[in-house]
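Have a look at the structure below, then the notes.
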Amino acid sequence: MTQTQKRCWNCRQQKIACDKTQPHCNNCVKKGRQCLGYGLKLSWPRKGDERRAALLHKKHFIIPVRSKEAVFVHATSEDVRALQENALARYEMPALRERWCVRQPNANMAKLDPFLATNTWSPVARIVSASKRNDELYGLLVRMAFQDDSLPSLASRYAISALSYQHLAMERAAVMHQMAAIRALQTAIETASPAECMQLMAASMLLNIYETLNFDTSDLNWAIFFCGTKRLANLVTKQHDTYFGDKAMIIDWIFYHDAMYKFSIRHWRKKNHDQIRLAGQKKVLSKAVFSPERQTIVPILGCSLELLDIVCQVVDNVYEPGHPDYLSESHLKTVRSLEIRLKYLEQRQAAVLPSDGKEETQETQTAELFRLAAIIYLLRMAKGEPETSKCLANAMDQAFEILNQIEYCDRPWPLFIIGLESRTEEHRARVLKVLEKSVKRRPLGSMALVNRMVPDAWTQQDLREVPMEPFTLYEMVIGRNRVTPCFT
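Under the UniProt record's numbering, the first residue of the sequence shown is numbered 1, with each subsequent residue one higher.
Printed below as a string of structure tokens:
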């Protein structure tokens, strides 16, 4: 007999007590009605609601929830072992191979993704978005994956499963689901309608994230997927339009990866023509240039769209000392303009927020840390300020005021920038402490990479008798990775 902490959906709707027995509560069994279960209930917007459109036709879908540990009465150790073996049987190679070869799987999503049943605890939710409110984006991705059994939906479904199996270190299962997602995506792109482009963008982004977590991949794989994502985004968006709801969330998610990719490629020694061209493509933003919403903190980004746009412009104006335009009159004019914009940029919280004051404070501090990291990067890399610069010292002092107040930072990029400029033992110890807490929250992906690169940079700095040129340091630390690192 197993139990859950929540009432079944029948008992919730009738507001009566529930004995919480799984798989069906006794109230429903006694009254002869179908028990709706205890799982996550996904709801979709009404027809014609374009603001929150997810292009779905069902009113709701319930994903079976993972129960707590089973309670055994008069059970032997052999009984427990048999239960565990049966639970893992569906992940053995014959079952996986059979599921991979079928285009429309008979199993529901909870069986394909072992962690999907409990949405807020899913490792995929933490991988796709570092925000504490990551269920907003992940919930949208799940709704898209469950829209129907069409190829765009299946592509997202298999990609989510691939990420879950990768988290479980089940490499064969992960690769098989990845291949199934790629096959569905490739076929869907050839015949996709404009209404399916958002689903295809989501599936392509999930595959892109899968590649960034797979350090044995080709150095071009995730760039290829991301290039396809941007091409789809350019088909369904207009440069000066403003978008809201689900479409804006997907577009912002793509823009965040775009900005971090641009930074990574700028300091990647082995970049080729295709990577340079991808980094130089036009940005896709959900808000027009003069839209007031651009200064609102977007939880899945960790900062505002305005700040992220300025970061992209700063990266575009980072020239090596030997470049003919380096510190020219026009270059300095542009850099000073960006510096002023960063200095006086105010990032505000959204008008409607959860009542959790601690969460609101964490988001505000993260956004401010992002702004200070952008100033530090501009001063060192675009403006050429030395280590002894007063402006740099002032920005670093403000950054460590925040780092001394927070336990973790969900964004790897600010920690990387601030970490590379940390010189004292006190500052370095604090950076390591925050990185340690941050890696525990996000054990996969870029945070672990930054946790390795920052101490590596300190070693390189300490081995030199004279201060290292910042360009040399950035290229050395980033370039030592086998594939282009992703700072999302």
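The beta carbon of each residue, even a glycine, is placed where N, CA and C say it ideally should be.
In or out: residue i buried (at least 16 other Cβ within 10 Å) or exposed?
i: Asp456; result: exposed
i: Tyr256; result: buried
i: Arg172; result: exposed
i: Arg103; result: In this predicted model, Arg103 has a pLDDT of only 36, less than 50, meaning its place in the structure is not dependable; the value taken from the coordinates is given anyway. Classification for Arg103: exposed.
i: Gly32; result: exposed
i: Ser304; result: buried
i: Leu308; result: buried
i: Ser328; result: exposed
i: Thr229; result: buried
i: Pro299; result: buried
i: Val142; result: buried
i: Pro114; result: Here Pro114 scores only 46 on pLDDT, less than 50, and its place in the model should not be relied on; the value that follows carries that caveat. Classification for Pro114: buried.
i: Asn26; result: exposed
i: residue 490; result: What the structure shows of the chain is the stretch from 1 to 488, and residue 490 is not part of that stretch, so it cannot be assessed.
i: Gln186; result: exposed
i: residue 508; result: Missing from the structure shown is residue 508; the chain here goes from 1 to 488 and no further.
i: Ser446; result: buried
i: Ala399; result: buried
i: Arg411; result: buried
i: Leu168; result: exposed
i: Glu211; result: buried
When the Cα of residue i is compared with those of the options, which residue comes out closest?
i: Ser164; options: Leu232, Ala188 and Leu213; result: Leu213
i: Met260; options: Cys312, Thr472, Phe471 and Glu329; result: Cys312
i: Ala159; options: Thr187, Met476, Asp148 and Ala174; result: Ala174
i: Asn404; options: Arg428, Leu338, Cys391 and Arg423; result: Arg428
i: Glu190; options: Glu465, Leu151 and Leu140; result: Leu151
i: Arg183; options: Asp309, Asp325, Cys28 and Leu154; result: Leu154
i: Glu306; options: Arg277, Arg341 and Tyr326; result: Arg341
i: Ser389; options: Trp458, Cys409, Phe225 and Glu421; result: Glu421
i: Tyr377; options: Trp413, Cys409, His240 and Phe400; result: Trp413
i: Lys333; options: Val314, Gln349 and Leu345; result: Val314
i: Ala350; options: Glu293, Glu320, Tyr344 and Ala393; result: Glu293
i: Val318; options: Gly39, Glu426 and Pro470; result: Pro470
i: Pro194; options: Asp149, Tyr210, His177 and Lys247; result: Lys247
i: Arg348; options: His331, Thr366 and Cys227; result: Thr366
i: Leu140; options: Gly245, His177 and Ser204; result: Gly245
i: Arg442; options: Cys197, Cys409 and Gln460; result: Cys409
i: Trp458; options: Thr424, Glu436 and Lys6; result: Thr424
i: His331; options: Cys227, Asn481, Ile209 and Gly384; result: Gly384
How long is the line joining the alpha carbons of residue i and residue j, rounded to whole angstroms?
i: Arg66; j: Ser161; result: Bear in mind that the predicted position of Arg66 carries a pLDDT of just 44, short of 50, making it unreliable; the figure below should be weighed with that in mind. Spanning the two alpha carbons is a distance of roughly 16 Å.
i: Arg269; j: Thr484; result: 9 Å
i: Met453; j: Thr488; result: 15 Å
i: Asn234; j: Met179; result: 25 Å
i: Met170; j: Arg336; result: 50 Å
i: Ala280; j: Cys391; result: Strictly speaking, residue 280 in this sequence is Gly, with Ala absent from that position. Approximately 30 Å between the Cα atoms of the pair.
i: Leu137; j: Gly322; result: 43 Å
i: Ile16; j: Gln362; result: 38 Å
i: Pro386; j: Ile402; result: 23 Å
i: Thr296; j: Val289; result: 13 Å
i: Met468; j: Met144; result: 48 Å
i: residue 495; j: Gln199; result: Outside the modelled stretch of the chain, which goes from 1 to 488, sits residue 495, for which no answer is possible.
i: residue 493; j: Cys35; result: Nothing about residue 493 can be reported from this structure: the residues present for the chain run from 1 to 488 only.
i: Gln13; j: Val29; result: 16 Å
i: Gly479; j: Glu360; result: 36 Å
i: Gln166; j: Asp397; result: 39 Å
i: Tyr344; j: Phe263; result: 23 Å
i: residue 565; j: His240; result: There is no way to answer for residue 565, as the model of the chain reaches only from 1 to 488.
i: Arg126; j: Arg231; result: 26 Å
i: Ile265; j: Arg464; result: 26 Å
i: Ile375; j: His273; result: 29 Å
i: Ala124; j: Val466; result: One point to set straight first is that residue 124 is Val, not Ala, in the sequence displayed. Looking at the two C-alpha atoms, the distance is approximately 44 Å.
i: Gln461; j: Glu196; result: 50 Å
i: Cys18; j: Met205; result: 41 Å
i: Ile254; j: Thr21; result: 42 Å
i: Ala192; j: Ile310; result: 34 Å
i: Arg371; j: Leu301; result: 12 Å
i: Lys238; j: Lys437; result: 40 Å
Quick test of your reading: residue i and residue j, contact by CB under 8 Å. State the CB separation rounded to the nearest angstrom.
i: Val431; j: Leu415; result: 7 Å
i: Lys283; j: Asp316; result: Rounded, the Cβ-Cβ distance is 10 Å, inconsistent with contact.
i: Ile418; j: Ala373; result: 6 Å
i: Leu379; j: Ala395; result: 7 Å
i: Val434; j: Ile406; result: 7 Å
i: Ser286; j: Ile251; result: 4 Å
i: Ala181; j: Leu207; result: 6 Å
i: Ala202; j: Ser156; result: 5 Å
Taking CB distances under 8 Å as the criterion, tell me whether residue i reaches chain B.
i: Arg380; result: The chain inventory of the structure shown lacks chain B, comprising one protein chain alone.
Complete alpha helix (DSSP H) runs within the stretch 425-454 (minimum length 4 residues, chain order): Segments of the alpha helix (DSSP H) lying fully in the stretch 425-454: 425-441.
3 or more residues per run - each beta strand (DSSP E) lying fully within the stretch 357-416: Listed in chain order, nothing qualifies, since the stretch 357-416 has no complete beta strand (DSSP E) run of 3 or more residues.
Inside the stretch 213-281 only - alpha helix (DSSP H) runs reaching at least 4 residues: List check, alpha helix (DSSP H) in window: 221-236, 245-266 and 273-279.
Ordered list of beta strand (DSSP E) runs contained in the stretch 161-192, each at least 3 residues: Along the stretch 161-192, the beta strand (DSSP E) does not occur as any fully enclosed run of 3 or more residues.
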